[in-house]
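Step one of this worksheet: look at the structure below.
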Amino acid sequence: MAFLRLLARNRLALVGGVMLSLVVLLALVTPLLPLAPPNVTATGDRFLPPFSEGALLGTDHLGRDLLSRLLWGTRLSLAVGFAAAIVAATLGAAIGIIAGFYGGRTDNVIMRGVDMLMAFPYILLALAIVAALGPGLFNALIAVAAVNVPFFARNIRGITVGIAHKEFVDAARLSGMSNARIILTEILPNVIPVIVIAMSTTIGWMILETAGLSFLGLGSQPPVADLGSMLGEARSALITNPHTSVVPGVMILIIVMSINLLGDGIRDALDPRLKSGALSRPMAATRVDRQGAVPAATGAGLLEVRGLETQFHVKDRVYRAVGGVDLAVKPGECLGIIGESGSGKSVTALSVMGLVASPPGIVTGGAAYYDGDDLIGAPYARLRAMRGRNVAYIFQDPQATLHPLYRVGDQLIEAMQVHQPVSNSAARAKALALLRDVRIPNAEQRLSDYPHEMSGGMRQRVGIAMALANDPEVIIADEPTTALDVTVQAQVLSLLDDLRRSRGLAIVFITHDFGVVAQLCDRVAVMYAGRIVEEGTTREILEMPRHPYTARLMACVPELGQGKRKLASIPGLPPVVDRLPPGCAFADRCPKAQPVCREGDIPLDGEGMRRVRCLFPETGLREVAE
Ligand code: ADP
Ligand code: MG
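If you count the sequence shown from 1, you need to add 3 to reach our numbering.
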């Protein structure tokens with residue numbers, strides 16, 4: 004199981020797990036061990052030191068064998084601790100789910116009750132409960148469980164409120180499920196990990212609390228002892244015969260520590276966000292492990308990518324997301340990269356500045372030259388200085404790239420101050436000018452807006468403003484207009500086009516939309532399965548696509564005002580990049596494919612900048628079969 008493997012990778016959790024298993028195992032086999040009876044007194048043998056004959060850990064003030072009492076006491080303490088945790092978790096989760104799911108008055112009444120319970124100091128509350136019920140281990144269990152219910156209720160309610168308003172719950176409601184069924188089948192599976200996490204991190208605490216009550220004489224009653232009451236009984240001999248306190252004390256320490264270590268490990272391993280990263284945080288820059296020679300710069304552009312290969316190593320699979328890509332942009336030029344979703348466009352763009360998450364990403368070959376300097380494998384300090392300063396990115400989803408809790412003006416100012424020593428007022432003036440540049444109306448007021456107070460189009464323009472904040476020479480725009488409607492898209496495109504002309508920006512524009520390419524780009528590279536399959540000027544490609552893939556991709560674009568036409572689609576799916584076929588990756592979907600297409604590597608062939616990776620390129624104007 005992946006969960007266990009993740010857990011085992013966390014060394015501290017593993018240690019905790021092993022220690023706890025040993026303790027639990029000991030507690031389980033205690034009745035089978037040849038131990039002295041734990042509760043039989045022998046006053047003649049009082050306070051025997053450890054390693055005495057017949058008493059490995061010595062004896063206590065009544066001459067009882069400490070080892071035997073320790074093991075039996077551990078058994079009790081563990082049982083009570085776990086039982087209390089399960090009771091508290093079950094009750095607390097039930098209360099939390101009901102409060103969170105029904106909301107409104109139910110929520111209010113329940114949670115105010117929980118708040119009242121929480122307002123008591125918990126030890127006082129536990130003491131009051133035991134005082135009311137009478138001393139005894141079972142009542143201590145009830146008290147410890149009761150004081151921990153609010154903790155679970157609060158936690159689970161918070162999670163449930165978040166889930167209860169999700170679309171899949173609405174969908175379940177619309178499909179006519181009863182509330183009880185929704186809670187059981189939709190909500191519960193989503194909160195169980197949280198319950199387990201909360202439990203694993205509080206069991207240790209509950210064992211301590213039970214021990215505390217027993218220590219005060221309110222838990223287990225003599226002659227039966229748990230770890231807490233053993234400590235309590237040893238208190239008077241703490242100085243004269245410390246071993247009587249040390250023995251149960253060390254056991255409590257071992258139990259609580261191992262449970263906490265294991266609990267932390269469980270929490271980490273259950274967190275889905277940590278799963279894919281295998282518990283390691285991504286590195287600051289993509290890992291580079293280049294095999295073979297690094298291609299030299301040719302000076303073809305300000306930014307020049309040569310033979311770039313980026314892979315994802317996930318378990319024993321290797322995903323070749325980018326398999327040898329060459330690109331170049333000059334100042335003032337716009338290069339379009341086009342291709343279906345998953346063709347490796349984003350990974351190519353992110354690799355340039357070392358922004359691909361590692362693990363699992365690794366750059367395994369090639370180079371990315373900025374003004375003649377190779378950025379792949381450049382020291383992190385250099386990459387950081389260049390990110391945003393020389394090469395800036397615009398991403399598809401501004402909602403995800405803007406910080407939700409800061410005003411957009413402050414974020415713009417921060418973006419500048421990271422790279423340049425500008426005063427607050429100067430940065431503010433520049434931020435204002437930038438917002439005006441990207442044509443945000445009322446720029447002055449908008450500076451103090453939060454991202455959620457803006458429309459999607461405005462946020463995207465803020466994203467562009469932020470990319471421009473440090474006057475970069477290259478902008479890499481990764482589908483910046485895909486989430487926008489056509490009018491806003493047109494504005495954003497003309498904005499980028501103006502900036503490119505007025506500031507001499509080099510733009511790499513990633514998209515899957517030929518209409519956008521036609522409006523903005525000078526040249527186009529078509530990507531498929533991690534490689535460029537065709538490149539040329541926008542005009543050449545649009546008028547006469549030569550790779551069957553490009554031709555078919557263009558045939559899929561509906562045209563306005565051309566009358567009704569059967570809409571084409573490309574049969575089949577792009578190949579999975581961990582099992583790329585030899586030869587042409589498009590062969591399986593290509594009607595013109597011949598056996599030779601599947602044999603060897605097919606080069607990107609042609610003159611100058613007009614090249615195609617195909618043995619049988621299209622020849623006529625739009626002669627794609629419908
Ligand atoms: P797009 O062209 O749509 O931008 P991407 O560059 O995002 O495509 O992805 C290219 C390929 O890399 C896809 O097949 C994708 O599944 C794979 N990929 C991207 N990120 C990861 C990752 N973290 N782990 C494994 N594979 C990934
Ligand atoms: Mg993408």
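All C-beta atoms in this analysis are idealised placements derived from N, C-alpha and C, irrespective of residue type, glycine included.
Cut-off 8 Å between Cβ atoms - residues of its own chain near residue i, not counting five sequence neighbours on either side
i              : result
arginine 504   : Gly335
glycine 630    : The structure shown does not extend to residue 630, since the chain is modelled only from 4 to 629, so the question has no answer here.
cysteine 593   : Pro551, Tyr552, Cys587, Cys600
leucine 191    : Ile100
aspartate 581  : Arg320, Val321, Tyr322, Arg323
asparagine 263 : Gly19, Thr204, Gly207
threonine 109  : Ile101, Ala102
Selected residue, minimal CA-CA separation from residue i, among the options
i              : options                        : result
alanine 64     : Glu56, Arg49, Phe54            : With the sequence shown as reference, residue 64 is identified as histidine, and alanine is not the correct amino acid for it. Nearest option by C-alpha distance: Arg49.
arginine 290   : Ile210, Gly99, Gly364          : Gly364
threonine 622  : Pro548, His422, Asp501         : Pro548
leucine 405    : Gly357, Arg464, Val355, Met121 : Arg464
leucine 69     : Leu38, Gly47, Gly375           : Leu38
isoleucine 198 : Val152, Leu241, Arg176         : Val152
valine 317     : Ser361, Val491, Gly302, Asp591 : Ser361
arginine 390   : Cys524, Val441, Leu502, Ile479 : Ile479
glycine 207    : Thr77, Ala388, Ile98, Arg184   : Thr77
leucine 28     : Gly368, Ala82, Leu378, Gly66   : Ala82
leucine 311    : Asp271, Val355, Ala303         : Val355
cysteine 337   : Val477, Ile269, Met457, Ala384 : Val477
leucine 265    : Val580, Gly19, Ser572, Val560  : Gly19
glycine 47     : Ile573, Phe154, Gly66          : Gly66
isoleucine 416 : Asn473, Gln402, Gly368         : Asn473
leucine 508    : Leu471, Asp488, Gln492         : Leu471
alanine 296    : Asp604, Gly369, Gln492, Met22  : Gly369
proline 585    : Ile186, Asp604, Val579         : Asp604
valine 491     : Glu456, Val117, Met419, Gly460 : Gly460
glycine 533    : Ala384, Tyr453, Leu330, Ile573 : Leu330
leucine 358    : Leu408, Ala288, Gly375         : Ala288
Residues of its chain near residue i, where Cβ-Cβ distance is below 6 Å and the 5 sequence neighbours each way are ignored
i              : result
asparagine 193 : Ile166
lysine 348     : Ile340, Gly342, Ile513, Met530
alanine 228    : Arg72, Gly76
glutamate 212  : Val147
leucine 94     : Val152
valine 172     : Glu189
tyrosine 373   : Leu306
serine 346     : Met530, Tyr531
valine 630     : Lying outside 4 to 629, the shown extent of the chain, residue 630 is not represented and no answer is given.
alanine 596    : Ala590
alanine 371    : Val308, Val355, Leu378, Ile379
Neighbourhood of residue i by C-beta distance below 7 Å, restricted to the same chain and skipping five residues each side
i           : result
serine 55   : Gly61
leucine 438 : Ala446, Arg449, Leu450, Ala468
serine 344  : His515
serine 223  : Leu79, Leu140, Ser217, Asp229, Ser232
valine 441  : Arg464, Ile467, Ala468, Leu498
glycine 280 : Residue confidence for glycine 280 is low, a pLDDT of 49 falling below 50, so the modelled location carries little weight and cannot support an answer.
glycine 57  : none
Counterpart residues of residue i in DSSP-defined beta bridges
i             : result
valine 366    : Val291, Thr313
glutamate 537 : Val529, Val615
glutamate 307 : Ala331, Tyr372
glycine 326   : Glu312
threonine 642 : Any property of residue 642 remains undetermined from this structure, which presents the chain solely from 4 to 629.
tyrosine 572  : Note that residue 572 corresponds to serine in the displayed sequence, not to tyrosine. Serine 572 is not bridged to any residue.
alanine 480   : Ile397, Phe512
glutamate 610 : Arg613
arginine 390  : Val394
aspartate 68  : Thr62
aspartate 377 : Tyr372
arginine 320  : Val317
serine 239    : Answer by DSSP bridge pairing: none, since serine 239 is not bridged.
serine 55     : Ala58
- Message: Under 8 Å, with one C-beta from each stretch per pair, do the region 550-565 and the region 602-618 reach the 3-pair mark?
- Response: Here the region 550-565 lies against the region 602-618, with 3 or more beta-carbon pairs under 8 Å apart.
- Item | At least three beta-carbon pairs within less than 8 Å, the region 418-438 to the region 505-520 | Note that the region 418-438 does not touch the region 505-520; fewer than 3 beta-carbon pairs, one per stretch, sit closer than 8 Å.
- Item | Any 3 or more C-beta pairs closer than 8 Å across the region 349-369 and the region 308-328 | The region 308-328 and the region 349-369 touch, with three or more beta-carbon pairs separated by less than 8 Å.
- Message: Any contact between the region 382-402 and the region 307-321? By contact I mean 3 or more CB pairs, one from each, below 8 Å.
- Response: Touching, no.
- Message: If contact is defined by three or more beta carbon pairs under 8 Å, each pair taking one atom from either stretch, is the region 212-229 in contact with the region 111-131?
- Response: Under the Cβ criterion (8 Å, minimum of three pairs), the region 111-131 counts as touching the region 212-229.
- Are the region 486-501 and the region 303-316 touching by the rule of at least three beta carbon pairs closer than 8 Å? Cβ pair count under 8 Å is below three, so no.
- Task: Taking 8 Å as the threshold, find out whether the region 245-255 comes into contact with the region 10-20 through three or more Cβ pairs.
- Result: In this structure the region 245-255 does not touch the region 10-20; the number of beta carbon pairs closer than 8 Å is below three.
- Evaluate the contact criterion for the region 535-545 versus the region 413-427: three or more CB pairs, one atom per stretch, below 8 Å. A contact is defined here as three or more CB-CB pairs under 8 Å, and the region 535-545 fails this definition with respect to the region 413-427.
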